[in-house]
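Colleague: Got a structure for you, questions after.
Protein chains in written order, with our numbering: chain A, 1074 to 1406; chain B, 1074 to 1406.
Now the structure itself:
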């Protein structure tokens, strides 16, 4: 009985020992061949995910940067002088507000705002002062016979001509220093207050040597107008109207180096130019088609849109004003 | 001798059995608590590394590394959830671009963009991805019988109703946690893509407890519409039409606390509401006039404008397309 039990126990023990030993060996082989440490994997996965998130954030910013007002000036970057003619109307403050908020994302931007007015208005003065931008505030009243009258179609006379010329005059006077000096580094751009600008377009134009060009969306009855680039050169223009014009481009579609503007003190906009020739009147003394510098990925990307804001209807306002119940004129709109 | 051996073997066997049993129990607990699947982890890690490499490539190409760092999130500030319904049209990209550039100035803003479309479009997806903003991209097609048809006057049927409701549904699902939790701190604002927003309005609305209100410029045939404040309370409304409506305010003129939105899961916009009653259909279940919180210096400042962008004319485009000379459809406008 004792011997049988001894034998039985011994057999069971040996079998059990061997089976568990096999298990141990198998486990060790597993560990050696493919070591699986959950915590380590999880930590690698977490690290990778954090890195991914960081990169995604960075990448998102590639088109636009999130910055608090008043960017620090970067001495190495050429200044972009943005010339904006503006005139009093119901949507003026709205337009200038959203424009200024776009410009706030652009380092080294100097905004030259020229009012079509006999004096600087408090609305524009105040807006510029609070904008956080570097700016110059000018005014130049358009001569009455050159001005669009109420009811005139907007193409009848070009708007903003004398204001743009006044800004050019100011620039030439302000930057008149020893030629080749640092104060001549810069780019000049004409940005009307109703258009839409991606902040990217400013980085495109910053490297302008003579005249940079790019497509403009929603202009001239077209989805876009654009220089056509072949082999890195502008060879013609995609436009819906008179492609034979010297420079069949919208005002929003080019920038000029400050040096070129200063070196050609007579170059300006001709208010008497036939319709559609205003841009050409300024550019044809400065550059040839062959010299144009195509930007925005060889003119394949639309980064500026010729948007127009509807004139708001004021029928109810007028009706209420007739009853003495109009909107408080002390509230600036 | 046999007895001693029997005892010894028995003891060793029992001890060995117990120790290995403990080991087995431990192994089983490990398996139950944290199932470690090496192959799954390795595949996740490989995927993440590939995604990282892809993003790094993209980042290099975009040159984004040169841009300044993103404004850090401020945990102390309530998030502003801006809900923007949008639909495909010629000016869509321009409008969303300038809107996104305004929002980029606002810390802790979460943009919820809802397309009126059967699917998310590449144009909006891409714009959001590159925007630098925190966002959620949704879509909800408006039922055909509720949709404005080509040529309908814009007041005939309200636009964006089902898209705003979809955003509310998403918010309620996403923020559904224990009541009073941190994830319920926030403000909800409905910002259409054609309006103009001063960045200041977002700081005004950030302190919303229930419903904040302020003037809206250029709306309803008026210079502005506004709550009228006396003794710090809204007592009536300055509006050109039916001041007797429960809340005669434009969509751009109020914000609602996230808590209030979550506490009233049935509150939404009623697309069948009579013209001019859409805002009221949402607000009347949430708040009384007496509870409204006037912002923007007791509703004396206009910081939002109901601007509208003209529909661009495409006559030349159509004429050129007929000749096979239309604008390259591969260029996104």
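Built from N, CA and C at the ideal position, the CB exists for glycine as well.
Being a predicted model, the structure only gives us computed values, none of them experimental.
1. Any idea what DSSP makes of residue 1326 of chain A, helix, strand or coil?
2. Return yes when the Cβ of residue 1281 of chain A is within less than 7 Å of the Cβ of residue 1330 of chain A, no when it is not.
3. What residues match up with residue 1270 of chain B in a beta bridge as DSSP calls it?
4. For residue 1183 of chain A and residue 1213 of chain B, I'd like the C-alpha separation in whole angstroms.
5. Check whether the Cβ atoms of residue 1377 of chain B and residue 1260 of chain B sit closer than 7 Å, and answer yes or no.
6. Could you name the residues of chain B that residue 1167 of chain A contacts, counting a contact when the two beta carbons are closer than 8 Å?
7. Buried or exposed: residue 1403 of chain B, going by 16 or more other Cβ atoms within 10 Å of its Cβ?
8. Is the CB of residue 1276 of chain B under 7 Å away from at least one CB in chain E?
9. Going by DSSP in three states, residue 1314 of chain B sits in which element: helix, strand or coil?
10. How would you write the range of the beta strand (DSSP E) that residue 1184 of chain A sits in, first residue to last?
11. With a threshold of 8 Å on Cβ separation, who are the neighbours of residue 1195 of chain B within its own chain once the five nearest residues in sequence on each side are excluded?
12. Around the C-beta of residue 1263 of chain A, are 16 or more other C-beta atoms found within 10 angstroms, so that it is buried, or is it exposed?
13. Residues of chain B with a CB under 7 Å from the CB of residue 1373 of chain A: which are they?
14. Taking residue 1193 of chain B as the reference, which of B/1388, B/1160, B/1217, B/1168 has the closest Cα?
15. Whose Cβ in chain B lies nearer than 8 Å to the Cβ of residue 1310 of chain A?
16. In whole angstroms, what separates the C-alpha of residue 1279 of chain B from that of residue 1287 of chain A?
17. Verify whether the separation of the beta carbon atoms of residue 1386 of chain A and residue 1326 of chain B is less than 7 Å.
18. Based on Cα-Cα distance, which residue from B/1367, B/1369, B/1389, B/1256 lies nearest to residue 1152 of chain B?
19. Find out if the Cβ-Cβ distance for the pair residue 1310 of chain A, residue 1353 of chain A is shorter than 7 Å.
20. If I measure Cβ to Cβ from residue 1372 of chain A and keep anything under 8 Å in the same chain, skipping five residues before and after, which residues do I get?
21. Who are the near neighbours of residue 1375 of chain B in its chain, counting only those whose CB is closer than 7 Å to its CB and skipping five residues on each side?
22. Could you run through the stretch 1163-1195 of chain B and flag, in chain order, every residue whose CB is less than 8 Å away from some CB of chain A?
23. Among B/1233, B/1211, B/1388, which has the Cα closest to the Cα of residue 1221 of chain B?
24. Anyone know if the C-beta pair for residue 1381 of chain B and residue 1383 of chain A falls short of 7 Å?
25. If you draw a straight line from the alpha carbon of residue 1369 of chain A to that of residue 1158 of chain B, how long is it in whole angstroms?
26. Closer than 7 Å by C-beta to residue 1335 of chain A: which residues in its own chain qualify, once you throw out the five before and the five after it? Chain order, please.
27. Closest to residue 1407 of chain A by C-alpha separation, out of A/1305, A/1216, A/1203, would be which residue?
28. Where does residue 1281 of chain A fall in DSSP's three states?
29. Which of helix, strand or coil does DSSP assign to residue 1249 of chain A?
30. What did DSSP end up calling residue 1302 of chain B once you bin it into helix, strand or coil?
31. So, at 8 Å on beta carbons, what are the nonlocal neighbours of residue 1358 of chain A in its own chain, with the 5 sequence-adjacent residues on each side left out?
32. Give me the DSSP bridge partner(s) of residue 1307 of chain A.
33. Using 7 Å as the limit for Cβ to Cβ distance, is residue 1368 of chain B near chain A?
34. Please report the Cβ distance between residue 1313 of chain B and residue 1393 of chain A, rounded to the nearest whole angstrom; I am assuming they are in contact, meaning their Cβ atoms lie under 8 Å.
35. Just reading off the beta strand (DSSP E) that residue 1196 of chain B is part of, what are its end residues?
36. Who are the Cβ neighbours of residue 1269 of chain A in its own chain at under 6 Å, not counting the five residues just before and after it?
Modeller: Inspection of the coordinates gives the following:
1. helix
2. The answer is yes: Cβ separation under 7 Å.
3. By DSSP's assignment, residue 1270 of chain B forms a beta bridge with B/1377.
4. 42 Å
5. no
6. 1269, 1290, 1291, 1378, 1380
7. exposed
8. The structure shown contains no chain E; the protein chains it does contain are A and B.
9. Residue 1314 of chain B carries a coil assignment under DSSP once its states are collapsed to helix, strand and coil.
10. 1182-1188
11. none
12. buried
13. Within 7 Å Cβ-Cβ: 1404.
14. B/1160
15. Ordered by position in chain B, no residue passes the 8 Å Cβ test against residue 1310 of chain A, which lies about 12 Å from the chain.
16. 40 Å
17. no
18. B/1256
19. It is not a contact, given that the beta carbons lie outside the stated cut-off.
20. 1286, 1287, 1288, 1299, 1300, 1301, 1302, 1307
21. For residue 1375 of chain B, the CB contacts under 7 Å within the same chain, skipping 5 residues up- and downstream, are 1288, 1290, 1297 in chain order.
22. Taking 8 Å as the Cβ-Cβ cut-off, the stretch 1163-1195 of chain B approaches chain A at 1163, 1164, 1166, 1167, 1168, 1170, 1171, 1173, 1174, 1175, 1177, 1178, given in chain order.
23. B/1233
24. In contact: residue 1381 of chain B and residue 1383 of chain A (Cβ atoms closer than 7 Å).
25. 29 Å
26. 1245, 1248, 1257.
27. With chain A covering 1074 to 1406 only, the question about residue 1407 of chain A has no answer from this structure.
28. coil
29. Here DSSP, grouped into helix, strand and coil, assigns residue 1249 of chain A to coil.
30. strand
31. 1337, 1339, 1340
32. A/1302
33. no
34. 6 Å
35. Element bounds for residue 1196 of chain B: not the beta strand (DSSP E) but the alpha helix (DSSP H), 1195-1203.
36. 1378, 1380
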